[in-house]
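A.B. asks: Below: one structure in structure tokens.
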Amino acid sequence: MPDLTQLSVVLPVLNERDNLAELVPELVQHLTSEVDSLEIIVVDDSSTDGTDQLLAELGRRDPRIRYIARTGRPPSLPSSIEEGVRAATSQHVAWLDADGSMSAESLVELVRTYRTAGDPDPVVVGSRFVRGGGFKGVETVGETSWWQAMRNLRQSNDSVAAVILSRILNRYLWLVLGRCCRDLASGFVVVRRETALRLGLQGSYGDYFVRFIYLAHRAKHRIIEVPYLCLVRRHGESKTGTTLFGLIKRGLPYVTLPLRVRRSTRP
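Mind the numbering: the sequence shown is residues 1 to 267 in the working numbering, read in order.
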């Protein structure tokens, strides 16, 4: 079984101060008893909401909480994640969204699944689209109706259109990329640090993860999807777009993404 005793959790952020104030302590609380060594690395893509001040205070209280500022560099989600992974001191890394949609409890389930995978180098993915998982707006898996989920989304800071588009794109990508993973836009993962760096974290806002998982599949890594309930955003606005035009513009590149991914030269 994989020996996961040290874990670095990377949180790429842009103006998520209020969410970090809740999520970082929750991660520390739930993961401290799961691993012998833990660090939380917040990689800030030039936030203007006081994220730096919050992390300075959290870091004074707990040296396991680290802060990396990407000030002056072009904003990039995959570059932020890769910088955090490179800075990690643990053999294993995890990364997830910092908006509260991916809970500390769910990350614990990914860690436990990784340990019992029976494989020396698996890639464990948090998945909304396997049995037991749920998309934003769902309150109880298997009980919340589609219409109730949509009503819940309308009352939140998340976009109904974004959720629908995500489901369509994930289904499309799953079919055309060999059914290697049902949640190819997850962005929620536990993996060996050296594996993450070897596969690479390249691309744009969302397509980097599609490329990462497909390359892992092509390199014969065992991909294990762990169901989790994706929660609505706690504070602030989504970075995926707030208008239908913006969402369509962001989604169009995914149509040709499988061709580009298949041409990737990394393992």
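For glycine and all other residues, C-beta sits at the position ideal for the given N, C-alpha and C. Note that the coordinates shown come from a computational prediction; the quantities given were computed from them, not determined experimentally.
How would you write the range of the beta strand (DSSP E) that SER106 sits in, first residue to last?
C.D. replies: Start at 1 with the first residue of the sequence shown, and residue 106 comes out as number 106. Not the beta strand (DSSP E): SER106 falls in the alpha helix (DSSP H), residues 104-115.
A.B. asks: Three or more C-beta pairs closer than 8 Å, one from the region 10-21 and one from the region 41-61: is that the case here?
C.D. replies: Contact holds: three or more Cβ-Cβ distances are below 8 Å.
A.B. asks: Quick one: what's got a C-beta closer than 6 Å to GLY178's C-beta in the same chain, skipping five residues either side?
C.D. replies: Here residue 178 refers to the residue found at position 178 of the sequence shown. Excluding sequence neighbours, GLY178 sits near nothing in its chain.
A.B. asks: DSSP three-state label for GLU225, please.
C.D. replies: Residue numbering aside, residue 225 sits at position 225 when the sequence shown is read from its first letter. Strand, per DSSP.
A.B. asks: Am I right that VAL130 and ARG182 are in contact with their C-beta atoms under 8 Å? What's the rounded C-beta distance?
C.D. replies: Within the sequence shown, residue 130 is the residue found at index 130, counting from 1. Within the sequence shown, residue 182 is the residue found at index 182, counting from 1. Yes, they are in contact, since the Cβ atoms of VAL130 and ARG182 sit about 6 Å apart, within 8 Å.
A.B. asks: Is it buried or exposed for THR116, if we count other Cβ within 10 angstroms and need 16 for buried?
C.D. replies: To locate residue 116, count along the sequence shown from 1; it is residue 116. Burial call: exposed.
A.B. asks: CA-CA distance, GLY50 and LYS220?
C.D. replies: Numbered from 1 along the sequence shown, position 50 holds the residue referred to as residue 50. Numbered from 1 along the sequence shown, position 220 holds the residue referred to as residue 220. Approximately 43 Å between the Cα atoms of the pair.
A.B. asks: Just to check my reading of the structure: HIS30 and ARG192 have Cβ atoms closer than 8 Å, yes? What is that Cβ distance to the nearest angstrom?
C.D. replies: Here residue 30 corresponds to residue number 30 of the sequence shown, with the count starting at 1. Here residue 192 corresponds to residue number 192 of the sequence shown, with the count starting at 1. Rounded, the Cβ-Cβ distance is 21 Å, inconsistent with contact.
A.B. asks: For TYR208, which residues from the same chain have a beta carbon less than 8 Å from its beta carbon, with the 5 sequence-adjacent residues on both sides left out?
C.D. replies: For the purposes of this step, residue 208 is taken as residue 208 along the sequence shown, with counting starting at 1. Only LEU77, PRO78, ILE81, LEU201, GLN202 meet the Cβ criterion.
A.B. asks: What number of angstroms, rounded off, separates the C-alpha of PRO227 from the C-alpha of SER186?
C.D. replies: Within the sequence shown, numbered from 1, the residue matching residue 227 stands at position 227. Within the sequence shown, numbered from 1, the residue matching residue 186 stands at position 186. Spanning the two alpha carbons is a distance of roughly 11 Å.
A.B. asks: What residue range does the beta strand (DSSP E) around TYR205 cover?
C.D. replies: Residue 205 sits at position 205 when you count from the first residue of the sequence shown. Neither: TYR205 is in no beta strand (DSSP E) and is coded neither H nor E.
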